[in-house]
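Engineer:
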Amino acid sequence: MSTTAPAGVLTKPRGLADLLDEAACRAWVLETLHPRGAHCPGCAARIEDATTLKNFWAGRRCACKCGRWFTALADTPFHGTQLSYGQICLIAALADIMATGLSVFKISAAAGVSDDTARVWIKKLAALNAGRSPI
Ligand SMILES: [Zn+2]
7 MSTTAPAGVL TKPRGLADLL DEAACRAWVL ETLHPRGAHC PGCAARIEDA
57 TTLKNFWAGR RCACKCGRWF TALADTPFHG TQLSYGQICL IAALADIMAT
107 GLSVFKISAA AGVSDDTARV WIKKLAALNA GRSPI
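The opening residue of the sequence shown carries number 7 in our numbering; numbering runs sequentially from there.
1. Starting from L36, trace the alpha helix (DSSP H) in both directions and tell me its first and last residue.
2. Could you give the DSSP three-state label for A69: helix, strand or coil?
3. In this structure, how does DSSP classify R42 when only helix, strand and coil are distinguished?
4. Just to be sure I understand the criterion: a residue counts if its Cβ is closer than 6 Å to at least one heavy atom of ligand 1. Which residues meet that?
5. Note down the Cα distance separating A105 from P47, rounded to an integer number of angstroms.
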């Protein structure tokens with residue numbers, strides 16, 4: 007009997023972005039780009055009908071009464087990007103770390119744990135990475 011994990015269970019992701027929740031990342035990116043809500047980039051009309059709103063926040067194409075077709079990324083710095091929402095979030099997070107440095111507080115906030123929990127796991131993972139037992 008094999009003691010290894012079945013294929014695909016523990017495969018290394020292509021990048022950290024593969025570990026992120028794409029829907030949560032899309033929500034963060036679109037809410038950051040559109041803090042005043044959904045609008046047509048052509049005529050600036052507020053999007054109010056439920057179907058178009060659903061499509062807008064899902065990142066799908068929308069149509070406006072003015073005749074313009076668009077997505078929530080139209081006329082933003084991400085227009086036409088081939089990046090996933092996870093990749094955009096990861097680049098934003100890493101750029102923040104580059105600009106302001108990394109701390110236990112940022113790690114705890116990013117992981118959604120207390121500062122003390124982050125400190126414990128940083129120590130355990132450092133030991134694991136060094137080839138020692140994390141316990
Ligand atoms: Zn419009």
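Note that the Cβ used here is the ideal one computed from N, Cα and C, for glycine as well.
Structural biologist: In terms of the structure at hand:
1. Here the alpha helix (DSSP H) through L36 covers E28 to L39.
2. The DSSP-derived three-state label of A69 is strand.
3. In the three-state scheme derived from DSSP, where H, G and I count as helix and E and B as strand, R42 is classed as coil.
4. The set, ordered by position in the chain, is C46, G48, C49, A51, C70, C72 and R74.
5. Each residue's alpha carbon lies about 31 Å from the other.
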